[in-house]
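Using our numbering, the first residue of the sequence shown is number 19, and each one after it goes up by one. Take a look at the structure below.
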Amino acid sequence: MKRQVFLVGYRATGKSTIGKELASAINWKFVDLDKEIEMLSSKSIRKIFEEDGEDKFRELETEALRCFSKEDKVVISTGGGVVIKEENRRIMENGFVVLIESSMETIIKRMKADSSRPPLTTLTLEEEVKKTISERKPFYEKVYHIKVINENISIESLVQLIKNSLPFNLH
Ligand code: S3P
């Protein structure tokens with residue numbers, strides 16, 4: 019297995035925060051895939067969706083994933099939709115995949131407080147979250163090695179939990 023950790027899970031489950039803390043705890047590089055896509059295209063994710071469409075975003079996402087999966091000792095936090103494509107799942111399966119889950123209520127609450135995430139459908143936020151989670155669930159389930167629940171738990175405890183489950187010799 020490659021020395022790579024991929025954090026997957028629905029939007030607003032805490033992947034980036036946990037990924038950053040995990041990388042720092044094990045002294046590995048941290049990559050936030052969405053941030054890299056924004057830097058590569060000099061546009062916010064919201065702008066890419068609005069001006070170029072979701073398909074273009076998905077191309078950039080796979081390109082970025084391909085590029086950063088060449089790194090050694092890296093923690094990569096991904097966007098919630100990365101699991102949809104088989105190619106992306108194949109890339110991640112070479113490393114260790116951590117699925118982060120939160121309740122639908124928590125996700126909706128966090129998303130309402132953050133306007134940077136573009137809508138994926140024309141549905142209401144509640145309907146969209148419900149629909150896309152159920153569509154993606156089989157893919158999340160297919161790809162993960164461990165699953166953690168980010169609900170009523172501190173980031174430190176979650177990071178410790180993940181760190182203890184890593185199948186790598188960190189010394
Ligand atoms: C998406 C999730 C976003 C971002 C893009 C699409 C999705 O990342 O990649 O807006 O399809 O679920 P987060 O999971 O960090 O919000």
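Glycine included, every Cβ here is placed at the ideal spot set by N, Cα and C.
query                                                                                               : result
Same chain only: Cβ atoms within 7 Å of I44, ignoring 5 sequence neighbours per side                : K181 and L188
Proximity test, E119 beta-carbon vs ligand 2 heavy atom, cut-off 7 Å                                : This structure lacks ligand 2; the ligands present are ligand 1.
K33 CB to nearest heavy atom of ligand 1 below 7 Å                                                  : yes
Distance cut-off 7 Å: G98 Cβ against heavy atoms of ligand 1                                        : yes
Cutoff 8 Å; reference R154; Cβ partners in own chain excluding five residues on either side         : Y28, G98, G99, V101 and I102
Whole-angstrom distance between I173 and I36, CA atom to CA atom                                    : 6 Å
Simplified DSSP assignment, three categories, for K165                                              : strand
Cβ neighbours of S59 in the same chain (closer than 7 Å, five flanking residues each side left out) : I66 and L78
Alpha carbon of S95 to alpha carbon of I164, nearest angstrom                                       : 15 Å
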